[in-house]
Amino acid sequence: MNSNHARTILHIDLDCFYCQVEQKRLGISPNVPVAVQQWEGLIAINYPARAAGITRHMRVHEAKALCPELQCVHVETIGGDELDTKDRTKQKACLERYRKACIQILAVLHKAAPQAIIEKASIDEVYMDVTTMVEKELRERAQADSCKNPEAGEGGAHDWEAGGSPVDAFAWGSIVLGGGPLDVGSEFERRLSIGANIACRLRGAIREQLGFTCSAGIAANKLLAKVASAMNKPNQQTIVPPRAVDAMMADLPLKKLRNFGGKLGAELSAMGCTTAGQVAAIPHGQLSARFGEERAASIARAVRGYSDEPVQVKELAKSMLAAKSFNATSSPAELDRWMGILAEELAHRLTEDGTAHSRAPRGLTLSYRGSNGDRSKCGPAPRPAKDGYTVEVLKEAGSMLLRKCPDIYPCARLALQANDFYDLPLGDDQGAISRFFTSGATGTRDMVGEGGAPATLAAPKAKKTGPQQASIAQMFKRAAAASSCQAEEPGAPSNQAENAATTPAQPSAQDDALQIAKGSEQASQDGKTSQLVQQALSSQGRQEDSASYPVHDHINDPAHPLQGVATRADVPGHASMEQPPNACTAVDASEHGASVDTQPDCDLASVDIEEQKRIMHEIWMKSRGSASRIGEDDVRNATSAAADRSAKRGAAGSAVKEGAGKQMRISAMFKTPRRT
DNA sequence: ACGGGTGGAACG
DNA sequence: TCGTTCCAC
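Counting in my numbering, the first sequence runs from 238 upward without gaps.
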């Protein structure tokens with residue numbers, strides 16, 4: 238169970254990320270010592286500066302004394318009169334630059350490894366489950382070998398080290414724990430070798446396309462991969478073969494283990510343990526007496542390097558907060574000013590997030606450090622206007638919460654947090670949609686899962702966060718990534734120029750191919766998702782939007798399922814361009830392994846139109862990226878999520894007939910469009 | 001010289 | 001179940 242070495246997991250960790258971002262932005266060469274400061278303290282130090290003895294939390298003046306040529310870059314700040322001062326009493330720090338860079342990195346990874354499961358673990362690290370990629374590679378390799386050497390046949394020995402084989406005992410310069418090269422005769426080590434090859438390529442892609450270096454760990458689970466990636470930095474990668482685990486854990490300092498850095502670590506060290514191995518030596522009875530059975534078991538597993546925690550897609554943040562600490566004040570005006578700054582930042586971020594992901598928060602929480610310590614108060618978030626949030630509306634909502642906090646003065650910290658996101662409707666035209674969907678009120682419990690009590694929602698209420706919600710978001714993202722892989726061909730319109738203006742030149746010469754790659758990648762990140770998603774959003778019919786989105790419009794793309802749907806027909810100067818939707822009709826999903834429900838002639842009014850449209854768009858985009866990637870699961874996920882949401886929205890929707898609250902089934906009909 | 005964010009578990 | 005607090009990174 239835990240000796241499931243069949244998974245291949247990567248942990249990729251950017252090397253002193255904040256420094257790299259600033260160095261790139263300012264064009265500072267990699268070998269000059271750089272630190273990122275927040276007010277007078279240092280929060281990130283690059284490797285040349287570390288070599289000079291500079292550490293985290295040092296004061297700027299201390300560091301400069303140690304290393305006079307140190308370049309200190311201050312984190313971005315907002316508030317005040319845009320003064321770029323380091324006066325922490327006027328401004329607040331904000332991490333937007335790093336969030337943006339993080340999105341770029343994720344986009345590169347998605348593009349380079351569309352089949353991997355990618356989990357954003359923090360602003361500068363990801364986990365990736367590349368098992369399916371590895372297994373595909375193994376199969377292809379075996380096949381290639383048996384073609385070349387038919388006599389080998391089944392069970393015959395493959396020459397894993399044959400030229401060009403992705404199975405390399407030395408794994409492309411990786412550091413292999415446990416001594417010696419990988420044993421390519423062992424299946425597990427072969428898997429790791431291929432995993433290392435993937436890691437190597439991914440790191441190369443990040444480096445080439447964005448100029449960032451990172452380190453990686455390659456192992457059979459997340460825990461080991463994370464430990465490994467930290468072992469050799471910067472710009473290196475480390476493999477943990479199963480045979481090396483015991484020795485590695487034996488004297489691994491406890492604090493290097495995730496979850497053991499805080500209270501738990503302290504408690505264990507009070508019991509005399511400083512390494513994982515020492516904890517592993519504690520009799521189980523003693524451990525469970527102290528921590529309880531369940532917790533003891535998980536501790537026991539972790540310190541032995543066992544973990545079966547899955548890599549989970551975490552694309553979208555679940556909450557968003559802006560915070561500021563300051564010297565305690567009892568002045569309402571002062572708090573009001575900070576509230577304004579927090580609202581400004583949050584409004585900006587929420588608006589970007591909203592246009593990119595078509596969602597808005599249901600809740601707003603105000604946290605504060607007042608006379609009774611840390612407290613918080615929550616309430617409903619205001620609804621966004623058509624084009625996002627204004628500072629005023631958020632500030633007002635925050636101030637309202639603040640008034641409910643009697644113990645706030647004197648106050649030394651304020652934080653405004655948006656949470657509990659819901660999806661905004663995408664808009665519209667039933668007619669066009671209906672041509673591509675069939676639906677029925679058949680209860681398909683097996684597809685949809687349990688529950689499904691229709692929630693009433695006049696305003697978007699009722700949260701039912703579940704795996705299905707996540708899977709739909711994930712699909713959307715993947716679809717966007719997939720489409721951006723091949724959306725643009727040379728000569729096709731792209732936002733290249735814009736990209737060139739906002740991205741600092743790479744040190745090396747950039748050829749057209751790179752530019753184009755960057756252009757299309759830009760399209761899928763940056764909080765703007767892909768142009769295609771953007772176009773879907775633009776179908777809300779807002780004039781400025783439809784007008785300002787890129788040329789590559791679905792109305793000109795005969796294969797696009799939204800073609801003919803609410804478009805520039807609304808825009809003055811554009812005659813109605815409604816055209817009969819062609820193609821996307823009948824070729825069914827079964828061709829791609831998806832289940833199809835052919836219920837003819839059903840009442841579309843019973844189905845949430847937004848969901849249909851959304852799903853169809855996703856599926857289309859996905860099929861556009863690669864039809865073969867649309868599997869039964871995808872359709873099932875999309876379908877059940879859609880039904881789920883339809884049920885939720887249904888009660889509020891006007892065009893809903895009774896029974897619509899029940900689960901329903903939506904089947905996607907699509908045809909793989911041909912790109913020309 | 002622990003500030004600014006995140007996510008999640010625990011708790012009443 | 002909700003709102004709030006605590007914790008870990």
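The beta carbon of each residue, even a glycine, is placed where N, CA and C say it ideally should be.
Boundaries of the alpha helix (DSSP H) harbouring residue 590: 569-594, taken from the DSSP string. Under DSSP, residue 248 forms a beta bridge with 364 and 454. Partner residues in the beta bridge of residue 330, as assigned by DSSP, are 314. Under the three-state reduction of DSSP, residue 614 is assigned to strand.
Just so you know, the alpha carbons of residue 531 and residue 354 end up roughly 28 Å apart.
Sixteen is the threshold: when 16 or more other Cβ atoms of the shown chains lie within 10 Å of the Cβ of residue 582, as they do, the residue is buried.
A contact is defined here as three or more CB-CB pairs under 8 Å, and the stretch 276-293 fails this definition with respect to the stretch 493-501.
Counted as a single uninterrupted DSSP element, the alpha helix (DSSP H) harbouring residue 526 occupies residues 521-528. About 7 Å separates the Cβ atoms of residue 636 and residue 573, confirming a contact at the 8 Å cut-off. Residue pairing for residue 603: DSSP places it in a beta bridge opposite 614 and 653.
With contact defined as three or more Cβ pairs closer than 8 Å, the stretch 511-528 and the stretch 322-330 are not in contact. DSSP, read as helix, strand or coil, puts residue 296 in strand. For residue 434, the enclosing alpha helix (DSSP H) covers residues 424-447.
A direct Cα-to-Cα measurement between residue 489 and residue 440 gives close to 26 Å.
Within its own chain, the residues whose Cβ lies closer than 7 Å to the Cβ of residue 358, once the five positions on either side in sequence are excluded, are 364, listed in chain order. Listed in chain order, the non-local C-beta contacts of residue 609 below 8 Å within the same chain comprise 644, local neighbours out to five positions each way being set aside.
In this structure, the alpha-carbon of residue 458 lies about 44 Å from that of residue 628. Cβ neighbours of residue 307 within its own chain (closer than 8 Å, five residues either side excluded): 270, 271, 272, 286, 289, 291, 300 and 301. Cβ atoms of residue 577 and residue 614 stay farther apart than 8 Å, at about 18 Å.
Cβ neighbours of residue 243 within its own chain (closer than 8 Å, five residues either side excluded): 368, 425, 428 and 457. With 16 or more other CB atoms across the displayed protein chains lying within 10 angstroms of its CB, residue 366 is buried. Listed in chain order, the non-local C-beta contacts of residue 333 below 7 Å within the same chain comprise 313, local neighbours out to five positions each way being set aside. Spatial neighbours of residue 604 in its own chain (CB-CB distance under 6 Å, excluding positions within 5 residues in sequence) are listed in chain order as 613 and 652. Assignment of residue 539 by DSSP, reduced to helix, strand and coil, places it in the helix class. Counting along the chain, no beta strand (DSSP E) covers residue 254; the unbroken alpha helix (DSSP H) around it starts and ends at 254-263. In this chain, residue 357 is not harboured by any alpha helix (DSSP H); it is covered by the beta strand (DSSP E) spanning 354-359. Residue 430 is a Cβ neighbour of residue 421, given a cutoff of 8 Å. In the DSSP secondary-structure assignment, residue 413 is bridged to 476. For residue 338, the CB contacts under 7 Å within the same chain, skipping 5 residues up- and downstream, are 258 in chain order. Taking a C-beta distance under 8 Å as the contact criterion, residue 248 and residue 274 do not qualify as a contact pair. If you check the CB distance, residue 540 and residue 517 come in under 8 Å. In the DSSP annotation of this structure, the continuous segment of the beta strand (DSSP E) that includes residue 278 starts and ends at 278-282.
Going by beta carbons, residue 252 and residue 475 fall outside the 8 Å limit. Rounded to the nearest angstrom, the gap between the Cα atoms of residue 316 and residue 373 is 51 Å. The C-beta distance from residue 558 to residue 477 rounds to 36 Å, too long to fall under 8 Å, and the pair is not in contact.
By the beta-carbon neighbour count (other beta carbons within 10 angstroms, threshold 16), residue 623 is exposed.
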